[in-house]
Amino acid sequence: MGSLAERNGYDVGLHLLDRQVLGADDRPVGKVDDVELLLDDGGALVPTALLLGLPALLPRFGPRLGSGLARLHRLVREAAADQDLPLVVDFDLVEEVASDVRLSEPSPRLLHRMAHERADDPRRCRVGDLLGLAVRCAALPRHSKVLDLRMVGSPNGSGEHRVAALLVGPGRPGALLGYDRRSEPGPAAVAAVIHWLHRHARVVELGEGVEIDNEAGEVRIRAGTSLAPLRG
Amino acid sequence: MKCSQRPAVVAVRLVASLLVLLTGCGVVSEPDATAWDQHAVQALTDAASQVATARLALEAAGDGRTWPTYTTVLVAEAEEAAGTAEEDLARLQVPPERADAAPEVLDLLGRAVDLVAEARAHAVAGTYDDRALLDALDRLSDDLRQAAP
Amino acid sequence: MKRYFAVLLGILTAIGGFVDIGDLVTNAQVGARFGTSLAWVVLMGVIGICVFAEMSGRVAAVSGRATFDLVRERLGPRIGFLNLVGSMLVTLLTFIAEIGGVALALQLVSSVHHVLLVPFVAVAVWLVLWRAKFSSIENVLGLMGLALIGFAVALWQLGPDWGGLAAGLSPAEKPGAEGWATYAFFGVALFGAAMTPYEVFFFSSGGVEERWTAKDLGVMRANVLIGFPLGGVLSVAIAASAATLFLPAGVAVETLGQVGLPVAVGLGKIGLAIVVLGFFAATFGAACETGLSTGYSLAQYFGFPWGKFVRPREAAGFHLILLVVTVIAAGVLLTGVDPIMVTEVSVVFSAVALPLTYFPILVVANDPDYLGEHVNGRLANLLGVVYLLIITIASLAAIPLMVVTSMGQG
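Protein chains in written order, with our numbering: chain R, 30 to 261; chain F, 1329 to 1477; chain B, 632 to 1041.
In structure tokens form, the structure reads like this:
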């Protein structure tokens, strides 16, 4: 399990999303249903919190199924009016990310419901919203999407965390199944099939040439921006 | 946008139309000789199996190898299943080509049901050593298997 | 000394735990119709469950993650959810079959109709799930399930033509009256019965509950690699004893009473009583395992507290699910549906659902982030990929074969 901690950089979708969250007392708190990102003054995308609960999970099911299920959820839990906002665990509380996400405090004290102002803040967005965004780029196949976000920083360290690059390509977020990393041995046959399916996927550094447009629901990559192959 | 139907949607439609086709086939059932033959063979095989089960159960009980409730449950279930086999075939409309053969088959099945019912009565009463009944079960089981090639 | 005892206990319970209503019914049916010509499928299924359970047990021991954690982490929430729904439906179907099996076993001793017994069985299962300690459930019922060894003894007492049974092992010895489609259908059903997915959910969740660590890998492997194959031997003994008594008489197995008849003929009352006790233990144990598995999978997917080690009040969601599935199962059985029929359907759908959980486990078992130095070796990966293919074929073929042969009648 040490290999992830030692690495400087990780993929949010692969290493953080959907992992089990445990409090310092070993009690299950929930799953990392989504991760909140903040566009800070320097223009960097910084993770600020883990989002937990159905209001964070259901939107990730996609526009149609997700909103249907969310409506159903509101119908069932009508009594709790604030239940359309997820629970928030601040990123500072994350102590260790391994096969589970361990927090530095025992479970009952750390959860609080997201405030409405925070949910409406235009500078904040969720990883779940970014994954699957259409990518417009001349050098990539037409149906390319954002497949994952690559972070700098060790998930266990307290130092700088920010989104450094996007994994883009045709397919579905999560369909890489972790076979994008250099170290992955896999059963050779499965790895070969997945690599072939994702032969057009590329890594693009966030910077000048990349513009994330949440309103239009797309990411535009200017011609000439350098695209690195996945397993460079 | 129009031509880019998602594969999942296409698959769902395919499965749906397949289901409609299959259920359609099930509903439309003309009296057809081959289909009737198939059902007849199935019913005869089932009945033969139930008769043989009743025979084995009574024999084991006669040797003191089972306890009464076990024998009763076993033979009662055989009786029920033999009855179902007969009813299922009797419910089908007999195709004209089988007008002669059908009464014979149904008669054989009827005898199976009666005999297994008798076996059940014996099982309930605890009289397991009725040699004549065991022989009759043996003979009927053979007849049923011969009738179902 | 204590450690050896623990290993032995684990192996013994794995033997008893391997056989459930699906194995009992399917093996007897197959034996009565096809003799031993499908025994190779049991062998294949046993190797498969060993590969599958060893991988998931290793992941559970080293990383503390059970099956449905992996499913969601690797497949994402959306596909993971569809997977969850599919697997839960199959497990629920198996749960219904097991509860029906307990009622049928009790009917054999009480002669009370099984539908009348269902409510009592359901309440008993729920009480055990709610109240009893996890390890005691597994040990007591697993050990009682060993009573099914009676089938092996009965086979020996029946004095079959051993040469004939051995010669019948080849698929070429399929009885001429049966078509190849029927043969394939029962092959898939037998494979599904041997490899039922819930066994793996339960095994890995149990590992997490008992807080296995990398140190327990040896014990875990002994349980899997000795216990399951011996369970497979029991399965073949059931098939062979049914073949000896029923194949010549032309009897098709359709009730649990028939499944036990070869033992009655071979061993008499006492042997039969022991085996019926084995029926009860095996089905009751499997009912507890499948019931818990539905709760485990849902709780693992959504990440709320689960398990028998957490007090019921803290794992309220988990225990609510157990209550709901028990009520559903009892409700379905009270409609008077034949539990044997439910069993036949459940083993086929088990085969259909296998790839859903097998594939994520295979992928994660190769991930050093989870397993460090304990990732799959060459042998595990070779077998893993071969079985991925076999399972996919069985899964795709299952429903077409079911339709073509009308559940094996044709």
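Even for Gly, the Cβ is constructed at its ideal location relative to N, Cα and C.
The beta carbons of residue 894 of chain B and residue 903 of chain B sit closer together than 8 Å. Counting only Cβ-Cβ distances below 8 Å, residue 755 of chain B has no contacts in chain F at all, with the closest Cβ about 20 Å away. Using a C-beta cut-off of 8 Å, the region 1020 to 1038 of chain B makes no contact with the region 994 to 1011 of chain B, since fewer than three inter-stretch Cβ pairs fall below that distance.
Nearest to residue 66 of chain R by alpha-carbon distance, out of R:57, R:166 and R:119, is R:119. Interface residue (Cβ-Cβ distance to chain B less than 8 Å): residue 1369 of chain F is not classified as such. A Cβ-Cβ contact shorter than 8 Å links residue 1383 of chain F with residue 1466 of chain F. In the three-state scheme derived from DSSP, where H, G and I count as helix and E and B as strand, residue 49 of chain R is classed as strand. Shown here, residue 1033 of chain B sits in a helix according to DSSP, grouped into three states. Here DSSP, grouped into helix, strand and coil, assigns residue 724 of chain B to helix.
Between residue 644 of chain B and residue 774 of chain B, the C-beta gap is smaller than 8 Å, which places the two residues in contact.
In terms of Cα proximity to residue 250 of chain R, the closest of R:56, R:74 and R:174 is R:174. In the structure shown, the three-state DSSP call for residue 77 of chain R is strand. Residue-level contact by beta carbon fails for residue 150 of chain R and chain B, as no gap is shorter than 8 Å. Here residue 793 of chain B is actually not in contact with residue 954 of chain B; their C-beta atoms are around 50 Å apart, not less than 8 Å.
Residue 633 of chain B has its alpha-carbon roughly 23 Å from the corresponding atom of residue 691 of chain B. With a cut-off of 8 Å on Cβ pairs, the region 1393 to 1413 of chain F is in contact with the region 1374 to 1381 of chain F, counting three or more such pairs. At a cut-off of 8 Å between beta-carbon atoms, residue 173 of chain R makes no contact with chain B.
The three-state secondary structure of residue 885 of chain B, taken from DSSP, is coil. Contact annotation: in the region 683 to 710 of chain B, residues whose CB is within less than 7 Å of a CB in chain R are 694, 695, 696, 700, 703, 704, 705, 706, 707, 708 and 709.
Three or more beta-carbon pairs separated by less than 8 Å are not found between the region 967 to 974 of chain B and the region 810 to 818 of chain B, which leaves the two stretches without contact. In the displayed model, residue 864 of chain B falls within a helix according to three-state DSSP.
It is roughly 48 Å from the alpha-carbon of residue 718 of chain B to the alpha-carbon of residue 1425 of chain F.
Distance from the CA of residue 104 of chain R to the CA of residue 98 of chain R, rounded to the nearest whole angstrom, comes to 10 Å.
Interface flag for residue 1443 of chain F against chain B is unset, since no Cβ pair is found closer than 8 Å.
Chain-order list of chain B residues neighbouring residue 1405 of chain F: 886 and 888, by C-beta distance under 7 Å. Residue contact with chain R for residue 1001 of chain B: present (Cβ-Cβ distance below 8 Å to some residue of chain R). Using beta-carbon distances, residue 853 of chain B does not count as an interface residue toward chain F, since no partner is under 8 Å.
For residue 61 of chain R, the three-state secondary structure derived from DSSP is coil.
Counting the other CB atoms within 10 Å of its CB gives residue 886 of chain B a total of 16 or more, which places it among the buried residues. Judged by DSSP secondary structure, residue 959 of chain B falls within the alpha helix (DSSP H) whose first and last residues are 947 to 965. Contacts between residue 900 of chain B and chain F, judged by CB atoms closer than 8 Å, involve 1392, 1393, 1394 and 1395 in chain order. When 7 Å is used as the limit between beta carbons, residue 48 of chain R is near these residues of chain B: 704, in chain order.
In the DSSP assignment, residue 208 of chain R is bridged to no other residue. With 16 or more other Cβ atoms from the protein chains shown falling within 10 Å of its own Cβ, residue 996 of chain B counts as buried. With the criterion set as a beta carbon lying under 7 Å from some beta carbon of chain F, the members of the region 739 to 770 of chain B are 739, 740, 741 and 742, in sequence order. Across the region 115 to 145 of chain R, CB contacts with chain B closer than 8 Å involve 127, 128 and 129, in sequence order along the chain.
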